[in-house]
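Trainee: In my numbering, the protein residues as written are 22 to 163. Structure below; questions to follow.
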């Protein structure tokens, strides 16, 4: 059963990660193309919106964390945001390096950097933020 749960979790992470990426990209491209906000500022705005969305769906749907005590939610939020700050800075540095300094198209670099960010975020979420065995995390979510 544990193997089935691992597959369920991975499939849920991929699905909700895709939804988070979509939310991030919609926010990013709305800022850059519609509101003409500088691309690095747009990336920060998109990151904030994406992190809020990702925390909620990861806690509920991916890692099935059922502990809603204020102390637990606060700890998870701080760990989640810290991990996302790391990956957000990584993504921004990749954009800065490849767009500003190397002249690549921001759309292509945003997509490629997103792949790196998805992997980094999964590692942090699974093994740090919503680690099994912490108070309130179940071993199985239907």
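Ideal Cβ placement from N, Cα and C applies to all residues, glycine included. As the structure is a computational prediction, the values presented were derived from the model and not from experiment.
Among 91, 44, 57 and 84, which one has its Cα closest to the Cα of residue 69?
Mentor: Numbered from 1 along the chain shown, position 48 holds the residue referred to as residue 69. Closest option to residue 69, Cα to Cα, is 44.
Trainee: Check this for me: beta carbons of residue 42 and residue 71, under 9 angstroms apart or not?
Mentor: Residue numbering aside, residue 42 sits at position 21 when the chain shown is read from its first letter. Residue numbering aside, residue 71 sits at position 50 when the chain shown is read from its first letter. Yes, these two residues count as a Cβ contact at 9 angstroms.
Trainee: Just curious, the alpha helix (DSSP H) that residue 113 is in, first and last residue?
Mentor: Residue mapping note: residue 113 aligns to position 92 of the chain shown, counting from 1. Taken as a continuous stretch (DSSP letters only), the alpha helix (DSSP H) holding residue 113 covers 91-116.
Trainee: Residue 116: buried (16+ other C-beta within 10 angstroms of its C-beta) or exposed?
Mentor: Your numbering for residue 116 matches position 95 in the chain shown. The residue in question, residue 116, is buried, as its Cβ has 16 or more Cβ neighbours within 10 Å.
Trainee: If you check the beta carbons only, do residue 105 and residue 75 fall under 9 angstroms apart?
Mentor: In the chain shown, the residue the question calls residue 105 occupies position 84. In the chain shown, the residue the question calls residue 75 occupies position 54. Yes, they are a contact pair.
Trainee: Report the three-state DSSP secondary structure of residue 58 (helix, strand or coil).
Mentor: Here the question's residue 58 lines up with position 37 in the chain shown. DSSP places residue 58 in coil when its eight states are reduced to three.
Trainee: Secondary structure at residue 135, three-state DSSP: helix, strand or coil?
Mentor: Here the question's residue 135 lines up with position 114 in the chain shown. Three-state DSSP puts residue 135 in a helix.
Trainee: Just the C-alpha distance for residue 149 and residue 100, rounded to the nearest angstrom, thanks.
Mentor: Here residue 149 refers to the residue found at position 128 of the chain shown. Here residue 100 refers to the residue found at position 79 of the chain shown. C-alpha separation (whole angstroms): 8 angstroms.
Trainee: Could you check whether residue 108 and residue 79 sit closer than 9 angstroms to each other, using their CB atoms as the reference points?
Mentor: Working through the chain shown from its first residue, we reach residue 79 at position 58. Working through the chain shown from its first residue, we reach residue 108 at position 87. In this structure, residue 108 does not lie closer than 9 angstroms to residue 79 by Cβ.
Trainee: How about residue 34 and residue 146: are their beta carbons less than 9 angstroms apart?
Mentor: Translated into the one-based positions of the chain shown, residue 34 becomes position 13. Translated into the one-based positions of the chain shown, residue 146 becomes position 125. Result yes, Cβ atoms of residue 34 and residue 146 sit closer than 9 angstroms.
Trainee: At the level of alpha carbons, what is the spacing between residue 91 and residue 32?
Mentor: Indexing the chain shown from 1 puts residue 91 at position 70. Indexing the chain shown from 1 puts residue 32 at position 11. Approximately 28 angstroms, taken between the alpha carbons.
Trainee: Helix, strand or coil for residue 80, going by three-state DSSP, please let me know.
Mentor: Translated into positions along the chain shown, residue 80 becomes position 59. The answer is helix: DSSP assigns residue 80 an H, G or I state.
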